[in-house]
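Here the structure is laid out as structure tokens; the discussion comes afterwards.
Numbering (the UniProt record's numbering), first residue to last: 1 to 191.
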């Protein structure tokens, strides 16, 4: 039995019943059972403002939500991003979370955290552009990631059955294999 690890899942959609959330919940079931896998809520994070982290600005204080978010990411052994594509890039809420976790420069929450990305779109491209933009934004933080194959899930409305599971067994197996490889990476990096 492997040791207990904590995985933070960031869902790049604020919609209560979003495809990203449904995909994330399904993907979470594929991690080892003794791991803590939790969705980190990014919906209430104030927009990033460098003044919160600038030591020369004394009349503006870091929001409590920033402190809690950064702490949660730092306590994680790995990160899973599940994101839709909005206008050929990542949703603003997810970019905001990336920015908040990237500061202060002396204590970046993302640094060296193993990560995986699952992107999706209602079209056939599967969120290709959003995933590439997210990878670019995260590349600065030395986050080891699962390589090939990348997970681009197209035609989001057809992915999840009414019971909340993947509608296609091939999709289920593909995502399960990806999560298994992410779990292996988390173990390797945290050994």
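Idealized CB from N, CA, C, for every residue including glycine.
For residue 47, which of helix, strand or coil comes out of DSSP?
coil
With 16 other Cβ atoms within 10 Å as the buried cut-off, status of residue 147:
exposed
Considering only the alpha carbon of each residue, which of 27, 9, 4 lies closest to residue 176?
27
Which residues in the same chain have their Cβ closer than 8 Å to the Cβ of residue 123, if we skip the five residues on either side of it in sequence?
154, 155
Spatial neighbours of residue 172 within its chain, please: C-beta separation below 8 Å, excluding the five flanking residues on both sides.
26, 165, 166
Leaving out five residues on either side along the sequence, give the residues of the same chain with a beta carbon under 6 Å from the beta carbon of residue 77.
5, 6, 186, 190
Unbroken stretches of the beta strand (DSSP E), 3 residues or longer, contained in the segment 116-159:
151-153
Residue 164, DSSP secondary structure in three states:
coil
What number of angstroms, rounded off, separates the C-alpha of residue 96 from the C-alpha of residue 118?
18 Å
Compare the beta carbon distance of residue 145 and residue 115 with 8 Å and say whether it is the shorter of the two.
yes
Pair every Cβ in the segment 7-16 with every Cβ in the segment 65-76, then say whether three or more of these pairs are closer than 8 Å.
yes
Please identify the residue among 160, 168, 174, 60 whose C-alpha is closest to the C-alpha of residue 18.
160
Start-end ranges of the beta strand (DSSP E) lying completely within the segment 53-111, minimum 3 residues:
78-84
Please return the same chain residues whose Cβ sits closer than 6 Å to the Cβ of residue 14, not counting the five positions on each side in sequence.
43, 93
Residue 38, DSSP secondary structure in three states
strand
Quick one: grab the DSSP three-state call for residue 8.
strand
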